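J.: In terms of our numbering, the sequence shown is residues 239 to 391.
C-beta atoms are modelled at their ideal positions from N, C-alpha and C, and glycine is treated no differently.
From a predicted model like this one, the values you see are computed outputs, not experimental measurements.
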Amino acid sequence: MKKLLITASLAALIASSGVVAYDDKAADAAKEHRHGLMQSIKNSALSMRRIMSGDLDQAENYSALATALSASTGIAKAAFNENTVGKGKGHTTAKDHIWDNWEDFSARLDKLDADVKALERAAMHNNVGGSKNELVQVFKNCKSCHDEYRSEH
C-alpha cells in the first residue's frame with residue numbers, strides 16, 4: 239500500500255510539472271504574441287502620423303498602413319483572452335488588472351477597433367489630410383488604455 243501511494247504521488251508530481259512547464263511556455267508565447275501585435279499597431283499608427291506631419295514621405299502607402307492597422311486592431315482583443323497573470327517567465331507591460339476589469343478593457347479595444355475602421359475609411363485612396371480627426375482619435379484611445387492598463391516597464 240505504501241509503495242502504491244508513493245508511486246501515485248510521484249506520478250502526480252511528474253504529470254503536474256509537465257503541465258506547469260507547458261503553461262509557462264503557452265503563457266510566454268501569448269505574451270510575445272501580444273507584444274508583437276501591439277508593436278505592429280504602434281508602428282503603423284506612428285508611420286501614419288509621420289506621413290501626416292510631413293516627416294515621412296510615404297503618402298502613397300498611407301491607406302495600406304491604415305489597412306494594416308485595422309487588421310491588427312481587429313485581432314487585438316483575442317490576443318488578451320488568456321489571463322497570463324503569474325504564468326510564464328517572459329516579461330509583459332500588461333497590468334494584471336486587465337483581466338479583473340475585462341469588460342472595461344475589452345470595451346476599450348472594441349472602441350479602438352471601431353475608430354481604426356473609421357480611420358481606414360477616411361484614409362482610402364491615401365487621403366492623408368482628410369483623416370486627421372480619425373487619427374487623433376486613435377491616438378487618444380491608445381493613450382487612455384495605456385494609462386490604465388500598461389506599465390512602464
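What residue range is occupied by the uninterrupted alpha helix (DSSP H) comprising Thr331?
T.: It is not in any alpha helix (DSSP H) - Thr331 carries neither H nor E in the DSSP assignment.
J.: Between Leu350 and Thr305, which are expected to be in contact by the criterion C-beta below 8 Å, what is the C-beta distance as a whole number of angstroms?
T.: That pair is no contact at about 16 Å.
J.: So, under 8 Å CB-CB, Ser301 and Ala356 are touching, yes? Tell me the CB distance rounded to an integer number of Å.
T.: Not quite, the Cβ-Cβ distance comes to about 14 Å (not below 8 Å), so this is no contact.
J.: Using only the alpha-carbon positions, how far apart do Gln375 and Glu358 sit?
T.: Roughly 12 Å separates the two Cα atoms.
J.: Rank Glu270, Leu275, Asp385 and Gln277 by C-alpha distance to the C-alpha of Ile336 and give the top, closest one.
T.: Measuring from the Cα of Ile336, the nearest candidate turns out to be Asp385.
J.: Sort Glu270, Cys383, Ala268 and His391 by Cα distance to Ala345 and report the nearest one.
T.: The option with the nearest alpha carbon to Ala345 is Cys383.
J.: Look at the alpha carbon of Asp266 and the alpha carbon of His273, and state the distance between them as a whole number of angstroms.
T.: The straight-line gap from Cα to Cα measures roughly 10 Å.
J.: Would you report the Cα separation of Ser285 and Ala316, rounded to the nearest angstrom?
T.: Cα-Cα distance, rounded: 24 Å.
J.: Given a cut-off of 9 Å, decide if Ser369 and Met290 are closer than it, judged by their beta-carbon atoms.
T.: Their beta carbons are under 9 Å apart, which means Met290 touches Ser369 by this criterion.
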